[in-house]
Amino acid sequence: MQHVAFSNRLVIVGFGSIGQGVLPLLLRHIAMAGDRITIVTAEERGHGVAAAYNVRFVRQALTRENYATVLDPLLGAGDFLLNLSVDVASVALIALAQRRGALYLDTCIEPWVGGYTDPTLSPSQRSNYALRESALALGAAARGGPTAVLTHGANPGLVSHFVKQALLDIARDTGHATGWLDGRAAWAGLARDLGVRVIHIAERDTQTANIAKRRGEFVNTWSIDGFVGEGMQPAELGWGSHERHWPVDARHHDFGCGAAIYLERPGAGTRVRSWTPLEGPYHGFLVTHNESISIADYLTLKDGAGLVYRPTVHYAYHPCDDAVLSLHEIAGRNWAVQPEKRLMMDEIESGIDELGVLLMGHAKGAYWFGSRLSIEESRRLAPYNNATSLQVTATVLAGMVWAIENPRHGIVEADEMDYARIMAVARPYLGEVLGVYSDWTPLGGRGKLFPETLDPDDPWQFPNFRVT
Numbered sequence: 051m052q053h054v055a056f057s058n059r060l061v062i063v064g065f066g067s068i069g070q071g072v073l074p075l076l077l078r079h080i081a082m083a084g085d086r087i088t089i090v091t092a093e094e095r096g097h098g099v100a101a102a103y104n105v106r107f108v109r110q111a112l113t114r115e116n117y118a119t120v121l122d123p124l125l126g127a128g129d130f131l132l133n134l135s136v137d138v139a140s141v142a143l144i145a146l147a148q149r150r151g152a153l154y155l156d157t158c159i160e161p162w163v164g165g166y167t168d169p170t171l172s173p174s175q176r177s178n179y180a181l182r183e184s185a186l187a188l189g190a191a192a193r194g195g196p197t198a199v200l201t202h203g204a205n206p207g208l209v210s211h212f213v214k215q216a217l218l219d220i221a222r223d224t225g226h227a228t229g230w231l232d233g234r235a236a237w238a239g240l241a242r243d244l245g246v247r248v249i250h251i252a253e254r255d256t257q258t259a260n261i262a263k264r265r266g267e268f269v270n271t272w273s274i275d276g277f278v279g280e281g282m283q284p285a286e287l288g289w290g291s292h293e294r295h296w297p298v299d300a301r302h303h304d305f306g307c308g309a310a311i312y313l314e315r316p317g318a319g320t321r322v323r324s325w326t327p328l329e330g331p332y333h334g335f336l337v338t339h340n341e342s343i344s345i346a347d348y349l350t351l352k353d354g355a356g357l358v359y360r361p362t363v364h365y366a367y368h369p370c371d372d373a374v375l376s377l378h379e380i381a382g383r384n385w386a387v388q389p390e391k392r393l394m395m396d397e398i399e400s401g402i403d404e405l406g407v408l409l410m411g412h413a414k415g416a417y418w419f420g421s422r423l424s425i426e427e428s429r430r431l432a433p434y435n436n437a438t439s440l441q442v443t444a445t446v447l448a449g450m451v452w453a454i455e456n457p458r459h460g461i462v463e464a465d466e467m468d469y470a471r472i473m474a475v476a477r478p479y480l481g482e483v484l485g486v487y488s489d490w491t492p493l494g495g496r497g498k499l500f501p502e503t504l505d506p507d508d509p510w511q512f513p514n515f516r517v518t
């Protein structure tokens, strides 16, 4: 099924696992000619995939000095810049697309190479909070201009749409009338009225390969450079209005929306408790993600300058087991990346990616809503994908369809888009999409081996985020 037609040019920057996985979906569901697509990427990998679809492939690393020279001739009014790169500043590409009159979408707000670990920058300055603020700062000048969709992969991206569906499900199941929900104040009001205090982006990847992780090798089911980069950033979370306990190493930002805090430690070294239906309770990593900030910001209610309501929001990520071993090794190396990297794809034998949002504090306890996608089904649905990448590429496709259908919205985040339209396009590629209620709380089963000073009447206190 083709969702929309696009007769202009498409430039794809970066062609790793997501670029290779999304190309067949774009040609399948957007009426466009392959000879109107140009791939610009720093590496040779993926050249065979591009050749299979008769797509122009340009091996050229983009830098601060050359990005405009390389991309200017490829983009004009009505064209589309799809940014799937690492180490290329998203803000620079957004500004270029706006100047050229082109549509834009990315899956992450990236800095220039080295920006995640630059020792001359403070933890606040190299946070996702700061990167988000730098992109949103372009919003006023872009208002009414070409649509630029920020951070629209699986997460960030798809999970923001999951949150809206989960809120509607909880409202339905508790008999809470919703009315017409138009804009952030209406959605934030619904979350407050339902009693939602905490939202986890709760993900467990169980994919396993027939090649074990080797010593000195980082293994993952999606971009290793992307995962390592975000894992080395400070742990970040949207900070709720109900919170009464302050983490000892937590800090506020002194600029921006004020919806989030950060911890003075890397996210890949910070573990949190969470829950998914198949895994049950688990320890995940408090890896920083844009959605932890954007969802918290979108669901904020204020009375003048005073904060009335905001949920606490964070990512709780348990990657595939080989990636956990890779993180353990990299932490032992004082965060020096292993010399070898391997993206798991053809060698994956089994497993699923269970990705969803866990909303807690409401009348029915906890509610997880999300996608369960197996490696077997992902291979049946689309080439060049595994379960993790397909959840991303399906949402990239949906975001591009929405942008083509809504070409003059300026800079937008997933939270501001039509969740129903995105879900309609992406859902055929998400496997089993479902919601499950639970009575789990972050304090469940605590203190069995050693006593802890916890308030049993307050399951949303800081041990929700305690390093384990």
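Residues 51 to 518 (this note's numbering) make up the sequence shown, in order. Positions of the beta carbon are idealized from the N, C-alpha and C atoms, including for glycine. This one's a predicted model, so the numbers in the text were calculated from it and none came from an experiment.
Alpha carbon to alpha carbon, how far is residue i from residue j?
i, j, result
"A180", "A102", "40 Å"
"L357", "V246", "16 Å"
"A448", "F212", "14 Å"
"D85", "T91", "17 Å"
"V462", "S439", "23 Å"
"F512", "R149", "With a pLDDT of 46 at F512, under the threshold of 50, the modelled position of that residue is not reliable, and no figure is offered here."
"R254", "A81", "35 Å"
"C307", "P361", "14 Å"
"A413", "W325", "18 Å"
"G494", "H97", "50 Å"
"Y166", "V105", "32 Å"
"S428", "L480", "8 Å"
"V517", "D299", "In this predicted model, V517 has a pLDDT of only 40, less than 50, meaning its place in the structure is not dependable; the value taken from the coordinates is given anyway. When rounded, the distance between both Cα atoms is 11 Å."
"V446", "A252", "20 Å"
"W289", "V108", "43 Å"
"R59", "A453", "14 Å"
"R265", "Q70", "28 Å"
"V486", "Y417", "6 Å"
"S38", "G128", "No information on residue 38 is available, as it lies outside the stretch 51 to 518 that the chain covers here."
"A100", "N340", "30 Å"
"M257", "A190", "The amino acid at residue 257 is misidentified as Met; the sequence shows Gln. Roughly 43 Å between the two C-alpha positions."
"G497", "E329", "21 Å"
So, residue i versus residue j, is the Cβ gap smaller than 8 Å?
i, j, result
"V451", "V54", "yes"
"A309", "D347", "yes"
"I159", "L188", "no"
"H333", "R315", "no"
"V199", "G281", "no"
"A520", "L146", "The chain is shown from 51 up to 518; residue 520 falls before or after that span and cannot be answered."
"T197", "L153", "yes"
"A229", "T157", "What sits at residue 229 in the sequence shown is Gly, not Ala. Cβ atoms of G229 and T157: not closer than 8 Å."
"G411", "V248", "yes"
"T443", "I62", "no"
"I345", "V363", "yes"
"G401", "G420", "no"
"A185", "W162", "no"
Can you list, in chain order, the residues of its chain whose CB lies under 7 Å from that of residue i, leaving out five sequence neighbours each side?
i, result
"E455", "V54"
"M51", "H79"
"N435", "G71, S428, T443"
Which word fits residue i, buried or exposed, when buried means at least 16 other C-beta atoms lie within 10 angstroms of its C-beta?
i, result
"D353", "exposed"
"R422", "buried"
"R383", "exposed"
"R176", "buried"
"N205", "buried"
"R114", "exposed"
"A241", "buried"
"W296", "exposed"
"G214", "The displayed chain sequence assigns Lys, not Gly, to residue 214. Classification of K214: buried, given that the 10 Å Cβ count is 16 or more."
"D468", "exposed"
I'd like the span of the beta strand (DSSP E) that includes residue i, first residue to last.
i, result
"I261", "Taken as a continuous stretch (DSSP letters only), I261 belongs to no beta strand (DSSP E), as it is neither H nor E."
"R562", "Residue 562 is absent from the structure shown; the chain starts at 51 and stops at 518."
"L357", "356-359"
Span of the alpha helix (DSSP H) holding residue i?
i, result
"W452", "437-455"
"M282", "274-282"
"G189", "189-192"
"E427", "425-431"
"L143", "140-150"
"T119", "117-121"
"Y469", "469-476"
"G98", "97-102"
"K498", "No alpha helix (DSSP H) contains K498, which DSSP labels as neither H nor E."
"N205", "No alpha helix (DSSP H) holds N205; DSSP gives it neither H nor E."
"G406", "Per DSSP, G406 belongs to no alpha helix (DSSP H); it is in the beta strand (DSSP E), 402-412."
For residue i, collect the residues of the same chain with a Cβ closer than 6 Å to its Cβ; drop the 5 residues on either side in sequence, then sort them by chain order.
i, result
"D489", "G415"
"L393", "S67"
"G279", "Y166"
"F56", "I80, M82, I454"
"K391", "F268, I274"
"A381", "G319"
Kindly list the residues whose CB is nearer than 8 Å to the CB of residue i, restricted to its own chain and excluding five residues on each side of it in sequence; keep chain order.
i, result
"R458", "G194, G195, P196, T197"
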